[in-house]
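Quick note: this note's numbering has the sequence shown finishing at residue 292, numbered continuously throughout. Cβ atoms here follow ideal geometry from the backbone N, Cα and C, with glycine treated the same way. These numbers were taken from a predicted model, which means no experiment stands behind them. Here's the structure we're looking at; comments come further down.
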Amino acid sequence: MSGTRNPNGIAVVTGAAGGMGQPVAVRFAAQGRPLLLCDLDADRLEQVAGPLRVVGGDVRILPGDIADPAFPDQLVAALDGEPIAALVHTAGLSPTLADGPRIFDVNFTATRRLVDAVRPRMASGGCAVLISSMSAYMAARPEIDAAIRDLIDGDGAAIAPMITEPRGAYPISKRAVIALVAREAAAFGAKGARIASIAPGLIDTGMGRSEMAASEQTKVMLARTPLGRTGIGDEIASVAVFLCSNDASYITGCDIKVDGGTLAALGF
């Protein structure tokens, strides 16, 4: 049976000022982990970091755009040579926030660059957690999966015509995240580390509320959700923090659905 002691090193949270990232930061701080919090806006990051410092948290911040190719190097520099015990990467864009190519760039391309940057710096026993989406399961088509494999292993040309529109780009970007996690499991394992993803369902965050207001489909899915409600950000955070603990020491290379049963009800 695994112990409860967490690996030594820093816990990195992206999207740390958001509805999922903030409760992750709070839970990590409660464990006494040193934190590096990342998001676009320094003021919003300080609103998260300040209260954690007041109660003794070791918290530094890194404002920046994860889609900037220079961001992974900035993150590595901010580590000051410390290993990464945990990465929870919640930053991303939903369909109402940008055009298709931008959504794909933020949700997948930037994520892949970040994974490449953190992999060599993972502590033994550490874990990286990415955020996929239940919508990824609704994009399960052979031609999409073939294009994603080509993207990960080849030149990726086949994906471009599939991501021109936001509501196509978003689920494909998240399906690509799931494929990336499966592909990276061996490389992380060679470091004694793990990688997994979480597929949230309909979650009551600012971004989630915008999507539900803009899409009739989400209202239909909510009506069919077995638990009969939306989730909250802390219900995603609790799973992310569990995955980054030694209690999850044999979980890697997989996607965890946290959707209130929506996908099961829809036949996925």
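- Query: For T229, which three-state DSSP category applies?
  - Reply: In the structure shown, T229 sits in coil (DSSP, three-state: anything other than H, G, I, E or B).
- Item | Residue from T242, R51, L117 and L60 whose Cα sits closest to the Cα of L287 | T242
- Task: Find out if the Cβ-Cβ distance for the pair L59, A66 is shorter than 8 Å.
- Result: No, they are not a contact pair.
- Query: Is I90 helix, strand or coil when you go by DSSP?
  - Reply: I90 falls in the coil class under three-state DSSP.
- Message: Between the alpha carbons of D279 and S148, how many angstroms are there, rounded?
- Response: If I take the Cα positions, the gap works out to 21 Å.
- Simplified DSSP state of G149, which is helix, strand or coil: strand
- Query: When you compare only the Cα positions, how much space is there between S26 and S269?
  - Reply: Because S26 carries a pLDDT of 42, less than 50, the predicted location of this residue cannot be relied on, and the following value inherits that uncertainty. Taking the straight line from one Cα to the other gives about 10 Å.
- Item | R165, buried or exposed, once every other Cβ within 10 Å from all chains shown has been counted against 16 | Around the beta carbon of R165, a 10 Å sphere encloses fewer than 16 other beta carbons of the protein chains shown; the residue is thus reported as exposed.
- For the segment 201 to 210 against the segment 149 to 165, are there 3 or more C-beta pairs whose distance is under 8 Å? The segment 201 to 210 vs the segment 149 to 165: in contact.
- Task: At 4 residues or longer, and completely inside the segment 158 to 246: list those alpha helix (DSSP H) runs for me, N to C.
- Result: Listed in chain order, they are 166 to 177, 190 to 214 and 230 to 238.
- Taking the C-alpha atoms as reference points, what is the distance between L246 and P190? Cα to Cα, the separation comes out at about 21 Å.
- Task: Assuming V72 contacts A41 (C-beta within less than 8 Å), just tell me the rounded distance between them.
- Result: Sure, about 6 Å apart at Cβ, within 8 Å.
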